[in-house]
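K.L.:
Numbering (the working numbering), first residue to last: 32 to 450. Beta carbons are placed, not taken as given, at the ideal position from N, Cα and C, and that holds for glycine. Here's a structure for you.
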Amino acid sequence: MNIPDSVTSIGEEAFYQCSSLTDVTIPDSVTSIGKYAFFDCSSMTQISVSEGNQNYCQLDGVLFDREMQTLICYPAGKAQAQYTIPDSVTSIGAAAFYKCSSLTDVTIPDSVTSIGADAFYGCSSLTDITIPNSVTSIGEEAFIGCSSLTSVTIPDGVTSIRKGAFAACSSLTCVTIPDSVTSIEAGAFARCSSLTDVTIPDSVTSIGEFAFAECSSLTDVTIPDNVTSIGEDAFFCCSSLTSVTIPDGVTSIGKGAFAACSSLTCVTIPDSVTSIEAGAFYKCSSLTCVTIPESVTSIGEGAFVYCDSLTDVTIPDSVTSIGERAFAYCDSLTDVNIPDSVTSIGEVAFARCSSLTSVTIPDSVTSIGDSAFRGCESLTLSVIAGSYAEQYCRENGLQYTTYDPDLEDAPTDWLTGTP
């Protein structure tokens, strides 16, 4: 396709997904080409630039700026296994090698300082790449879907691993993160299903949402002391993760942060954490023990739902609310003591805890949600006579005994309620 001489600019995504386009010639008149102009042109094998163009040039069918400092577009349809980027290049543009599925090896020179967003997106045959120490910036989703890539060393100048940078690199077994990195952004290593081990350096202060989600081979993670927040679903469905160390500096464990970590057996939550968010440990089916510190004031919705192996949990005096479904379907849970600080128990909070035999509810509780203890067939509740909890038991047909907290030696079953 020849672009006419009257055209001065080619806009962003101008030829977006033109899957039958095989070649294009850019005339002298073109002064600007927008990002993703030739995005996903899967059959394109050649880009030509008229010799008189003052802004762009081509070398071997690859599009560059006139000074050959920015590699703009490597045609996705080129049937070439290896490519060496010229030494003049300082930046690899956005989506420059987008879905170049024939490429197995790319040599990046020391002159390159930045790799743009989506630069190697979907380069499914790329088995090895060396990112030179000159690189200080790796864009969002730069290597997403490089499913044959086995190892990556991130250079010392990089400060952030951007959103989805190495997501869905399903063959990636090893990654080296340098001390210069301070943040691991959302989905940075999500669905890296072969990643078995990762060392997060002490420089990292935040782990974004879905950062390591569905890393199903990851067995062990040490979160460094400087981390203050663990994002939503950060380790979601890391089904081989057996242990995790949460440091004292963490104040927030995001929603679903460790959900469906089915091999996780024990967790100690540090004193710095004030809330356990919704679904934080959802379906951690091997979790047998959890230590909740005095700093925690709320246990979120579904925080421990379907933790089938959890036999015992101590809720500290600092907790004021237990969210909906917080401990529902914890089939092995036998005993729970709810402290005097709790004022509300959410709907279905302990539903279907089939082994639960005893729960003491203090008179501080003024709200109990519907079906909070539904399906707890072996359960007898201990409540204070005349309290809201006794009224709730009567209205919902629950077995209960009453006790007088002022009679220390009185048996807890001195009065049995009749539903």
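Excluding the five sequence neighbours on either side, which residues of its own chain have a C-beta within less than 7 Å of the C-beta of S453, listed in chain order?
P.N.:
The shown model of the chain, from 32 to 450, leaves out residue 453, and the question about it has no answer.
K.L.:
Between the C-alpha atoms of F151 and L364, what's the straight-line distance to the nearest angstrom?
P.N.:
For the purposes of this step, residue 151 is taken as residue 120 along the sequence shown, with counting starting at 1. For the purposes of this step, residue 364 is taken as residue 333 along the sequence shown, with counting starting at 1. When rounded, the distance between both Cα atoms is 49 Å.
K.L.:
Using a Cβ-Cβ cutoff of less than 7 Å, which residues in the same chain neighbour D324 once the five nearest sequence positions on both sides are dropped?
P.N.:
Along the sequence shown, one-based indexing puts residue 324 at 293. The sequence shown places Pro at residue 324, rather than the Asp named in the question. Sequence-distant Cβ neighbours of P324 in its own chain, meaning closer than 7 Å and more than five residues away, are I300, P301, D302, V304, P347.
K.L.:
Less than 8 Å between the C-beta atoms of T76 and P117, yes or no?
P.N.:
As a working note, residue 76 is residue 45 in the sequence shown. As a working note, residue 117 is residue 86 in the sequence shown. Their beta carbons are not under 8 Å apart, which means T76 does not touch P117 by this criterion.
K.L.:
In the structure shown, what three-state DSSP assignment does Q100 receive?
P.N.:
Taking the first residue of the sequence shown as position 1, residue 100 is located at position 69. Three-state DSSP puts Q100 in coil, outside helix and strand.
K.L.:
Where DSSP assigns a beta bridge to D136, which residues make up the other side?
P.N.:
Your numbering for residue 136 matches position 105 in the sequence shown. D136 pairs with Q113, D159.
K.L.:
Can you say whether T432 is buried or exposed, counting buried as having 16 or more other CB atoms within 10 angstroms of its CB?
P.N.:
Locating residue 432 in the sequence shown gives position 401, counting from the first residue. It is buried - the Cβ of T432 has at least 16 other Cβ atoms within 10 Å.
K.L.:
Just to confirm, are V350 and T328 a CB contact at a threshold of 8 Å?
P.N.:
Here residue 350 corresponds to residue number 319 of the sequence shown, with the count starting at 1. Here residue 328 corresponds to residue number 297 of the sequence shown, with the count starting at 1. Yes; because the gap between Cβ atoms is below 8 Å, this pair is in contact.
K.L.:
Please name the residue, chosen from F174, T56, G310, that lies closest to F266 on a Cα-to-Cα basis.
P.N.:
Within the sequence shown, numbered from 1, the residue matching residue 266 stands at position 235. Nearest neighbour of F266 by Cα position, chosen from F174, T56, G310, turns out to be G310.
K.L.:
Whole angstroms are fine: how far does the CA of G176 sit from the CA of Y47?
P.N.:
Taking the first residue of the sequence shown as 1, we reach residue 47 at position 16. Taking the first residue of the sequence shown as 1, we reach residue 176 at position 145. Taking the straight line from one Cα to the other gives about 19 Å.
K.L.:
Nearest-angstrom Cα distance between C49 and L249?
P.N.:
Numbered from 1 along the sequence shown, position 18 holds the residue referred to as residue 49. Numbered from 1 along the sequence shown, position 218 holds the residue referred to as residue 249. Using only the alpha carbons, I get a separation of about 39 Å.
K.L.:
Could you check where the beta strand (DSSP E) with Y431 kicks off and where it finishes?
P.N.:
The sequence position of residue 431 within the sequence shown is 400, counting from 1. DSSP places Y431 inside the beta strand (DSSP E), whose first and last residues are 431-434.
K.L.:
In the structure shown, what three-state DSSP assignment does N86 receive?
P.N.:
Counting from 1 along the sequence shown, the entry for residue 86 is found at position 55. In the displayed model, N86 falls within coil according to three-state DSSP, outside both helix and strand.
K.L.:
Comparing the CB of T76 with every heavy atom of the ligand NAP, is any distance shorter than 7 Å?
P.N.:
Within the structure as shown, the ligand NAP is missing, as the structure has no ligands at all.
K.L.:
Any idea if D437 is buried or exposed, counting beta-carbon neighbours within 10 angstroms, 16 or more meaning buried?
P.N.:
Along the sequence shown, one-based indexing puts residue 437 at 406. With fewer than 16 other Cβ atoms within 10 Å, it is exposed.
K.L.:
Would DSSP call N427 helix, strand or coil?
P.N.:
Here residue 427 refers to the residue found at position 396 when the sequence shown is read from its first residue. Here N427 sits in helix by DSSP.
K.L.:
Kindly indicate which three-state DSSP category Q422 falls into: helix, strand or coil?
P.N.:
Within the sequence shown, numbered from 1, the residue matching residue 422 stands at position 391. Q422: helix per DSSP, three-state reduction.
K.L.:
From the DSSP output, in three-state form, read off I346 for me.
P.N.:
Numbered from 1 along the sequence shown, position 315 holds the residue referred to as residue 346. Coil, per DSSP.
K.L.:
Tell me whether V373 is buried or exposed, calling it buried when 16 or more other Cβ atoms sit within 10 Å of its Cβ.
P.N.:
Taking the first residue of the sequence shown as position 1, residue 373 is located at position 342. V373 should be labelled buried.
K.L.:
What residue from V93, A334, K66, S326 has the CA that sits closest to L318's CA?
P.N.:
Locating residue 318 in the sequence shown gives position 287, counting from the first residue. Of the candidates V93, A334, K66, S326, the one whose C-alpha sits nearest the C-alpha of L318 is A334.
K.L.:
Out of L90, A125, D91, point me to the one whose CA is closest to E44's CA.
P.N.:
Position 13 of the sequence shown, counting from 1, holds the residue named residue 44. Selection L90, A125, D91 evaluated against E44 yields A125 as nearest (Cα-Cα).
K.L.:
Put Q77 into one of helix, strand or coil per three-state DSSP.
P.N.:
Working through the sequence shown from its first residue, we reach residue 77 at position 46. If DSSP states are grouped into helix, strand and coil, Q77 belongs with the strands.
K.L.:
With the cut-off set at 8 Å, would you say S413 and T391 are in Cβ contact?
P.N.:
As a position in the sequence shown, residue 413 is number 382, starting the count at 1. As a position in the sequence shown, residue 391 is number 360, starting the count at 1. Against a cut-off of 8 Å, the Cβ pair of T391 and S413 comes out as a contact.
K.L.:
Are V120 and V143 closer than 8 Å when you measure CB to CB?
P.N.:
Along the sequence shown, read from residue 1 onward, the residue named residue 120 stands at position 89. Along the sequence shown, read from residue 1 onward, the residue named residue 143 stands at position 112. Contact flag set, yes.
K.L.:
Taking the alpha carbon of G428 as the reference point, which residue from C407, I415, D149, S37 has its own alpha carbon closest?
P.N.:
Position 397 of the sequence shown holds residue 428. Of C407, I415, D149, S37, the residue nearest in Cα terms is C407.
K.L.:
Counting along the chain, where does the beta strand (DSSP E) carrying C459 start and finish?
P.N.:
Residue 459 is absent from the structure shown; the chain starts at 32 and stops at 450.
K.L.:
If I measure Cβ to Cβ from S202 and keep anything under 7 Å in the same chain, skipping five residues before and after, which residues do I get?
P.N.:
Locating residue 202 in the sequence shown gives position 171, counting from the first residue. Cβ within range, chain order: S178, S179, L180, T181, S225.
K.L.:
Whose C-alpha, out of I169, N164, V396, is nearest the C-alpha of T370?
P.N.:
Stepping through the sequence shown from its first residue, residue 370 is reached at position 339. It is Pro, not Thr, that sits at residue 370 in the sequence shown. Of I169, N164, V396, the residue nearest in Cα terms is V396.
K.L.:
If we require 4 or more residues per run, which alpha helix (DSSP H) segments fall completely within the stretch 192-274?
P.N.:
none
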